[in-house]
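K.L.:
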Amino acid sequence: MKPLFLKISMILCTLFLWTGMSMATSTGIFVGDSNDLTSGFQPQLDSFTNVNALVDLYNDNTDTDLPEDLTLLGKWEGGDWSVWNDDSISEFTGSFTGADGVWSVSDDWDKADPLYYSLKAGGKGKSGGGFELWYADGFLDGVWDTSGLDNKDLSHISFWTAKGNTNPVPEPATLALVGLGLAGIAGYQRKRRSS
């Protein structure tokens with residue numbers, strides 16, 4: 426009886442610790458930056474062509490395939506949303522000035538839709554700085570910083586998606602429910618054996 430109880434306890438503890446860690450704020454997966462682009466027009470800009478080229482490079486050089494064919498959702502620049510292309514969800518929130526901050530999206534975002542963000546450093550009309558592209562990897566909030574971009578202040582942050590190109594990941598609540606179901610089955614078996 427005790428070994429079964431210990432096994433179930435270890436499984437439940439692992440599930441709860443795992444779900445707690447997966448809810449932590451994250452930066453996501455670093456896809457690449459403007460230094461990875463060797464050709465093209467204005468590689469320091471986070472344009473449609475450049476962000477898609479970085480995803481292609483990442484997928485070519487790793488075993489993991491990230492969702493492709495990104496489209497722009499919105500761009501925060503100069504204290505306001507200069508572009509917002511998707512009225513079906515509310516705008517992203519966060520602190521988008523200086524060399525570091527946070528971002529988040531409301532709960533109406535479909536977690537199955539891939540979410541990327543690009544950080545462009547350097548002021549308007551200034552050369553240098555470049556940009557970085559990050560894949561949020563299922564997170565609905567995160568932290569950002571421009572340390573990889575010579576610690577220059579943020580020019581703008583853009584959010585991208587690849588709707589219709591998803592790789593669903595089980596949610597922590599689903600995993601916890603499965604764990605509780607297994608614990609219930611084990612408890613039933615234990616009760617049945619003792620009868």
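Here the sequence shown is numbered in the numbering used here, starting from 426 and rising by one per residue. Idealized CB from N, CA, C, for every residue including glycine.
Using the C-alpha atoms, what's the distance from Phe556 back to Ser459?
P.N.:
As a position in the sequence shown, residue 459 is number 34, starting the count at 1. As a position in the sequence shown, residue 556 is number 131, starting the count at 1. Going from the Cα of Ser459 to the Cα of Phe556 covers about 5 Å.
K.L.:
In this structure, what does DSSP give as the bridge partners for Tyr613?
P.N.:
For this step, residue 613 is matched to residue 188 along the sequence shown. Looking at the DSSP assignment, Tyr613 forms no beta bridge with any residue, so it has no partner.
K.L.:
List, from N- to C-terminal side, the beta strand (DSSP E) runs of 3 residues or more that fit wholly inside the stretch 466-554.
P.N.:
496-502, 505-509, 525-529, 540-546
K.L.:
Taking buried to mean at least 16 other C-beta atoms within 10 Å of its own C-beta, is Ala537 buried or exposed?
P.N.:
Start at 1 with the first residue of the sequence shown, and residue 537 comes out as number 112. Exposed, by the Cβ-count rule.
K.L.:
CA-CA distance, Leu607 and Asp471?
P.N.:
Counting from one through the sequence shown, the residue named residue 607 turns up at place 182. Counting from one through the sequence shown, the residue named residue 471 turns up at place 46. Roughly 47 Å between the two C-alpha positions.
K.L.:
Can you tell which of Thr518, Asp485, Val480, Asn475 has its C-alpha closest to the C-alpha of Trp501?
P.N.:
Counted from its first residue, the sequence shown places residue 501 at position 76. When each option's Cα is compared against that of Trp501, the closest is Thr518.
K.L.:
For the pair the stretch 577-589 and the stretch 479-496, tell me if three or more CB-CB distances fall below 8 Å.
P.N.:
Contact between the stretch 577-589 and the stretch 479-496 is present, because at least three Cβ pairs lie under 8 Å.
K.L.:
Grab me the residues of Asn510's own chain with a C-beta within less than 7 Å of its C-beta, minus the 5 sequence neighbours each way, in chain order.
P.N.:
Working through the sequence shown from its first residue, we reach residue 510 at position 85. Leu497, Leu498, Gly499.
K.L.:
Using only the alpha-carbon positions, how far apart do Arg618 and Gly612 sit?
P.N.:
Within the sequence shown, residue 618 is the residue found at index 193, counting from 1. Within the sequence shown, residue 612 is the residue found at index 187, counting from 1. As the crow flies, the alpha-carbon of Arg618 is around 10 Å from that of Gly612.
K.L.:
Could you please give me the residues that DSSP links to Ser583 through a beta bridge?
P.N.:
Reading the sequence shown from its first residue, position 158 is the one you call residue 583. Paired residue(s): Lys500, Ser543.
K.L.:
Do Leu462 and Asn475 have their C-beta atoms within less than 8 Å of each other?
P.N.:
Position 37 of the sequence shown holds residue 462. Position 50 of the sequence shown holds residue 475. Going by C-beta atoms, Leu462 is nearer than 8 Å to Asn475.
K.L.:
Around the Cβ of Ile610, are there at least 16 other Cβ atoms within 10 angstroms (buried) or fewer (exposed)?
P.N.:
The count along the sequence shown starts at 1 and reaches residue 610 at position 185. Ile610 is exposed by the Cβ-count criterion.
K.L.:
Please report the straight-line C-alpha distance between Ala449 and Leu565, rounded to a whole angstrom.
P.N.:
Residue numbering aside, residue 449 sits at position 24 when the sequence shown is read from its first letter. Residue numbering aside, residue 565 sits at position 140 when the sequence shown is read from its first letter. Bear in mind that a pLDDT of 47 at Ala449, under 50, signals an unreliable position, so the number given afterwards is only what the model happens to contain. Distance between the alpha carbons of Ala449 and Leu565: 10 Å.
K.L.:
On the DSSP bridge list, what partners appear for Ile454?
P.N.:
As a working mapping, residue 454 is identified with position 29 in the sequence shown. For Ile454, which the question treats as bridged, DSSP gives the partners Tyr560.
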